[in-house]
Each structure stands twice: as C-alpha cells, then as structure tokens.
Amino acid sequence: MSSRERILGRVRRALADVPADEVPYERAVAREYAREHGRRSVAETVDLLAENLADYRAIVHRCADGELPGLLARLLAAHGSRNVVVPPGLPPGWLEGAGAEIVHDRAADTPQELDRVDSVVTGCAVAVAETGTIVLDGSPDQGRRRITLVPDHHICVVRVPDQVVGAVPQALGRLDPARPLTWISGPSATSDIELDRVEGVHGPRTLEVVLAGGGQDGRTAS
Amino acid sequence: MSGTYLGMPAFPEAARKAVGDSTLRGNLRHATHTIRDKRARAVAELDDWAALREAGKQIKDHTLRHLDRYLVQVEEAVTAAGGTVHWAADADEANEIVARLVEEAGGGDSAEHEVVKVKSMATQEIALNEALEARGVHAYETDLAELIVQLGRDRPSHILVPAIHRNRGEIRDIFRSEMSEWGRPAPENLTDTPAELAEAARLHLREKFLRARVGISGANFVVAETGTLVVVESEGNGRMCLTLPETLISVVGIEKIVPRWQDLEVFLQTLPRSSTAERMNPYTSMWTGTTDEDGPRTFHLVLLDNGRTDTLADEVGRQALRCIRCSACLNVCPVYERAGGHAYGSVYPGPIGAILSPQLRGTGSDVDASLPYASSLCGACYEVCPVAIDIPEVLVHLRERVVQGGPAVRHGNRVVLRPAKGHAAERAAMRAAQWAFTHPGVLRTGQRLASRTRRLHPRTLPGPGRAWSGSRDLPPVPAEPFRDWWQRTHGGKDGSE
Ligand code: SF4
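Chains Z and W, in that order, give the protein sequences. According to this note's numbering, the residues represented by the first sequence are 1 to 222, in order. According to this note's numbering, the residues represented by the second sequence are 1001 to 1497, in order.
Written as structure tokens, this is what we have:
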C-alpha cells in the first residue's frame, strides 16, 4: 500500500463519526465578521493607508501623477543610488530624469548581480489601508519576486485611490491566486530578539511608498 | 546542531531545573510580558474579533472533518500548477523523501550539499536537519531565532521565537564565538544592540541565500481549491528561500489545509495579531506550483501525517489540529513563563505542546504522560487562541487517558492503552472530577470548563499532578517569590509534606 493510500485510509477511519450528510462548506462557516472595519470615505482610506504604512516604518510620499518622475529622481538621489533595477513593464517616463543607471531585470540575472544593485522601483497590485500593506503580483510593472527582495532599497508606487482597498478581505478578492504574491507591510523586520520589533534583516531595509494620483500633492477628493 | 529530545526527563523534573535558572526565567518573563500587552492592543483594534475567531474555528473544523476530500483536492491543484506531491506517513519517510529530492536536485559542486531553510515547525518535528546531516547535506536555518539556536547548539523553546530564552547579551556571545565556524564571522566589535545583531545575521546569511540551490520550507496554509501555499514571516529570509533557489521543497502537516482562497481573509487577520501583535507581518509569500522565470523551477510538496491522523481519531483531542501556531497561548501561560519551553520536551512547547505532543507521539514516554499535567487549567490559553481551541478541555481529557487508559489510535491502529504506571492515585482523583463534569445538576450551561475544573477538581492532585494543581489558583503575578512557591508546593513530592 502506498503512503498516500495509507494516510487517506487513516483519515477516513478517524472520521468514522462524521455523518455523510454533514452541513456543506457554505453553511459550515458563518462569515459574520466585517468586510472592512468602520466607515471611511475614499480619501480617509488613503490617509489610513499612509498612516499605517508609516507606523511600520515605511517612508510615505504623496504626489500628483505629473510629479512622479521628479519625485522618483529625487528619492533615488537622496538615497545615493548609483543604479536601479526596473521591471519590464514599468511605465515609460517614471524614471525619466533619474540620475541612477537603469538596470533591466533580465540583465541582472543572478542573485549576485542583483546584490550589486542599489534600488528597485515598481508598481503594485493592490494596497490595504487597515494593515498598511502593499501586495505585488508579478505583473509587468512589478517584475519577478527577486528584484524587490535582493536590493536594499525598494520604492513602490501605489496609484491612488484605484489600487487602495480598506481591508484584507477586499484585497484577496482582487488578487489572482495563480500569480506569485508578495504581501509587504513595512521594511524587513524581526521580533526575534526579546520579542521586540527591529527593522532591517534580509529584505530591503528601506521601503518607500509613493501614493501617486489625484490632484496636486496627491490628495484625493473626499 | 540542535539537541535531541530523546531521554528527556518528565515535565515536572525538567521544569524544576528551569525555574532554578534565574536568567532563563528573567528572559522569558520579559519577552512574554512585552508581547502579551501588545497582542491585547492589536486584537482590540478589531471589533469583530469574536466573529473572526469563530469563523477560523469553523473553517478548520470543517476542513478536518472532510480532510480526505481536501487532501485529494490539494494534490490535484498542486499537480495541475506544476508541483509534485509526496505523502509521508511518518518522520522517517518524510526525511527520506526530502533527502532524496535534495540529492536529485544536486549535481556535484559544494553548494549542492547545503540547503537553506525557512523556519518550519514540521521540519523540526521530524528532525529533518539531523537526517540531512547524516546524509552529508548541511541545512542552514535562516530565521534569526533559529540561527541563534543552531549556532548555539541549542534547542528551540518557543514556536515563534525559538531563542526566546536567550537575551541580547547571550546572542552577541553566540554570534561572536560561533559564526566564523559556519561562514562569515560576526563583525568586529559587535555589540548587543538588536539592530547590530540583526545586521550581523544579514551579512552572515546573505552569501548562503545568493548561492543556494535548494530551499526547504513549511507552510502556514495550503488552499485546497487553488493549490496555493502561504508562508507568513518577518525578516525576508522566507522570501529568499522561497524565490532564489531552483528547487523548493515544502514539508507541510496535513492539518494546514483550508478549503478556499477566501478563507485566508480570516487567518491573515487573526494570525499576525495573535503572534507578533502586528496588524500585518512584514512579509507574506503565496505561490501556486511554479511560475515561468520567477522563483523555483521545481516545486515539491511533502504532505506529512506523523501522528496527525491518530490525533484526528480522537473526537475531543482533534481540535488541537486547528492550531495555526501563533504562540499566543505560550505567551499568556503562567506555567510556560516559569518552566520555559525546553521543559516540554518537544518542539511544541506551552499549552499547545501539552495537548499536541502527547497526541502526536502517544503517552508512552514519561515526558508525554506528564505533559497533560503541565497546566494550572487557568484557561488563559483558550481565551487568546484565535481558533478557540479549548486547551483545558483537551488537557483534562488527556489526563483521563493517562490515568485510566482506554481506546486510542496509534500509527493508524486501534489500541487499548493501559493506565500509566504510578498514576493510580490520579485515577481516583480523576474519577471524582469526572463525576462532577458529568453530573447534570452541578454545572451551569455555558460555564467555561477551566473555571469548572478549578472549582470541582480536588484541590491538590497527588503524584505528578501535584506540582501543577498547586498553582491552580495562583494570580498571574505570584505574590511570593517563585522559588518559595515551588518549594512550598513541590516540596511535598519529596515526602516533606
Ligand atoms: S493553540 Fe491556539 S493560541 Fe496556541 S499556538 Fe495554536 S492557535 Fe495559537
């Protein structure tokens, strides 16, 4: 007997007490929890995202669409980045005027090569206000998972308000499980020394999130 | 390397040693109290916590009650997404499968003889590192706390923070003396500030991540309908292990399944808040099979039984399989705080360990037979558990099994356990307690079992139970020094009472 059959047989014997006509999944789980906590306007949701991102030590910036290239150039310069890796589908123009050398994802193919790159700039798939989370799904403006992992500085652009949801259930509803997903809430951190949170272990130690869109300075109308 | 649990003394004996170690006690007390308060605040932010907790319980219960169906569904979905599924009935078989897969992934150069690992309870449970070492494959732990444990040739003492028994000064000393033996040495003049210690770990492990060919992980969740695996972490070591190597092997207990994608909306809210007291942990990775040109080209899922089906066969005890390993029950447990994680003689310490280990391994050994007594039945573990496992209920049930014996399932076979030797006295005590439990007039409906047992159990259990029953009514912060308390309550065991 294969282990597969052995394990499945054990499971079935262990569950001899379960009636054949047990309530199906749909009725077994009462989803009485909230889809979102509290009522917020669109602008308030974006504000909450900014607040929670900052609470976990992401550096948050806001700008109007037109100001994005200028802001990205300034952030890369301020970080002292000599080069920046970009996913294949980063909107043309975002890095216009950036002083850093642009490295295309495929060019830096090995992890060692990526390790010599200072920064990465990407978009995102969705952002979650209540938890201060950005989610990457490997779309062309986000690229392979490794490019947002090995460089020490990640700048992630969130289009507001379109890409922002209030809470985790809404985010899952927007995501495709078939894609590789990375949920990011603040820079790399650890609680392993005396259960106290310290930022900066293996992932990017600096996470900057740019909330781009809306009117001037990126504020959205309520 | 991490030590072995073979020959572990029974819980009261090991605990007595631990409570005499004032550094250990101080470290534990500091850490658990810090996280306790933070957790309470993180939970209070969600006004629907009770509903989330109930949904989490229902999802897990439903899955367990139809586990055969969901296991087959996982197999189909993972295979369809490009992964390969293996089934391991016990630890030896799982280790054998993983060792073979690592060898197959290798080609000859030295990087092939090492693997990088993300912290995983399942691989600790089966002692995978030791099994690989015996085959000449070196497994590097990459989680900071696991690294501390591995470098210190120590054993883990907490589910989430395996080095919780170490303070920053001890960690610095371990890094200074051991890192050079395993790779890049600790920086000169390393101090004990947490940021510098984290930096030292970053530097030490980076070369290993960048050259790794094989990664090994567990998973927090496996979604049956999509075949998606989920790993929740903080440091980014998980992302490194899950995305840089060419081959990924995930060893996952069969109880980790949830039926649907939507179910994650419950656990992604309750797990981070319960474990690290965060709204969300820094990184969560989700992957479904393999993806062209992104991440590992080969993905293996090893589904592990190793006592889980035996646990499932127990209608009271099976609720332990709902556990999502958040460790909240450890952090609030007065016994864990005093005894420390090592006393539990298993990779699963604290209240969850006290009900899980004796079910996964059986109650044949002294340590496993004594674990159901490693509790004051105060009920704090149940209160914080995000999947509402009634740990006191299972503890009482297991005590009964230890002292009275009775039917159980071991390795898939029905057996009748004989009463444990030396527990005859408890048998009488338990009979009295059981009478109270089953007597209709005694109990008010809806009353919590913990408070029931507090009132209705004999005030002090004789024998091994004595040490724990004595603490039943202790306030969370003892009014007297622990050593005195221990002397007073435990002294009788040596005949002075
Ligand atoms: S038993 Fe509950 S509280 Fe304890 S680790 Fe498991 S899920 Fe968390």
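Backbone N, C-alpha and C fix where the C-beta goes; we use that ideal spot for every residue, glycine too.
Item	Value
If you run the structure through DSSP and keep just helix, strand and coil, what is HIS1397(W)?	helix
Would you mind telling me which residues of chain A sit closer than 9 Å to ASP21(Z), beta carbon to beta carbon, in chain order?	No chain A is present in this structure, whose protein chains are Z and W.
Under 8 Å, with one C-beta from each stretch per pair, do the stretch 1218-1233 of chain W and the stretch 1023-1040 of chain W reach the 3-pair mark?	no
Does any C-beta atom of chain W lie closer than 7 Å to the C-beta of LEU136(Z)?	no
Under a three-way DSSP split, which group does HIS1030(W) fall into?	helix
If you draw a straight line from the C-alpha of GLU1255(W) to the C-alpha of PRO161(Z), how long is it?	39 Å
Taking the alpha helix (DSSP H) that HIS1062(W) falls in, what are its first and last residues?	1049-1065
Could you tell me whether any Cβ in chain W is nearer than 7 Å to the Cβ of GLU194(Z)?	yes
Who are the near neighbours of ALA1424(W) in its chain, counting only those whose CB is closer than 7 Å to its CB and skipping five residues on each side?	At ALA1424(W), the pLDDT of 49 sits below 50, so the modelled position is not reliable; the number obtained from the coordinates is stated separately. Once the five neighbours on either side are set aside, ALA1424(W) has no close Cβ partner at all.
With 7 Å set as the bound, which would you pick, yes or no: does the beta-carbon of GLN112(Z) sit closer than that to a beta-carbon of chain W?	yes
Using the C-alpha atoms, what's the distance from ILE102(Z) back to VAL150(Z)?	16 Å
With a cut-off of 8 Å, do at least 3 Cβ pairs link the stretch 1391-1410 of chain W to the stretch 1358-1377 of chain W?	yes
I want to check one thing, is the minimum distance from the CB of ALA100(Z) to the heavy atoms of ligand 1 below 6 Å?	no
Would HIS202(Z) pass as an interface residue toward chain W - the criterion being a Cβ-Cβ separation below 7 Å?	yes
Could you spell out the range, first to last residue, of the alpha helix (DSSP H) harbouring ASN52(Z)?	42-55
Going by other Cβ atoms of all chains shown within 10 Å of its Cβ, with 16 needed for buried, is GLN1073(W) buried or exposed?	buried
Kindly indicate which three-state DSSP category GLU32(Z) falls into: helix, strand or coil?	coil
So the beta strand (DSSP E) THR994(W) belongs to, where does it begin and stop?	What is shown of chain W runs 1001 to 1497, which leaves residue 994(W) out entirely.
Bridge partners of PRO1407(W), per DSSP?	VAL1416(W)
In whole angstroms, what separates the C-alpha of HIS1342(W) from that of ALA1388(W)?	25 Å
Decide if the stretch 1291-1299 of chain W is in contact with the stretch 1036-1050 of chain W; the criterion is three or more beta carbon pairs, one per stretch, under 8 Å apart.	no
Taking Cβ positions only, does GLY1083(W) come closer than 7 Å to chain Z?	no
Round the Cβ separation of GLU1178(W) and GLY1152(W) to the nearest angstrom and send it over; I've been treating them as touching at under 8 Å.	7 Å
With 16 other CB atoms within 10 Å as the buried threshold, where does GLN1150(W) fall?	buried
Would PHE1175(W) and ALA1186(W) qualify as a contact pair, given that the criterion is a beta-carbon distance under 7 Å?	yes
Going by the CB atoms, is the gap between GLU1096(W) and ILE1085(W) shorter than 7 Å?	The displayed chain sequence assigns Val, not Ile, to residue 1085(W). Taking 7 Å as the Cβ cut-off, VAL1085(W) and GLU1096(W) do not qualify as a contacting pair.
Tell me whether ASP115(Z) sits in a helix, a strand or coil according to DSSP, three-state version.	coil
Is ALA1328(W) near ligand 1, in the sense that its beta carbon is under 6 Å from a heavy atom of that ligand?	yes
List, in chain order, every chain W residue whose beta-carbon is nearer than 9 Å to that of GLY123(Z).	Neighbours of GLY123(Z) on chain W: none; closest Cβ ~16 Å, over 9 Å.
Quick check: does the Cβ of ILE1035(W) come within less than 6 Å of any heavy atom belonging to ligand 2?	Of the ligands one can find in the structure shown, namely ligand 1, none is ligand 2.
Taking 8 Å as the limit between beta carbons, can you name the residues of its chain near ARG39(Z), skipping five residues before and five after?	none
Once the 5 residues before and after GLN1319(W) are set aside, which same chain residues still bring their CB inside 6 Å of it?	ILE1389
GLU1315(W) versus chain Z: which residues are under 9 Å apart at the beta carbon?	ASP17
Alpha carbon to alpha carbon, how far is ARG1273(W) from PRO204(Z)? Give it in angstroms, no decimals.	23 Å
Nearest chain W C-beta to PRO169(Z) closer than 7 Å, yes or no?	yes
From the DSSP output, which residues share a beta bridge with VAL120(Z)?	VAL85(Z), HIS154(Z)
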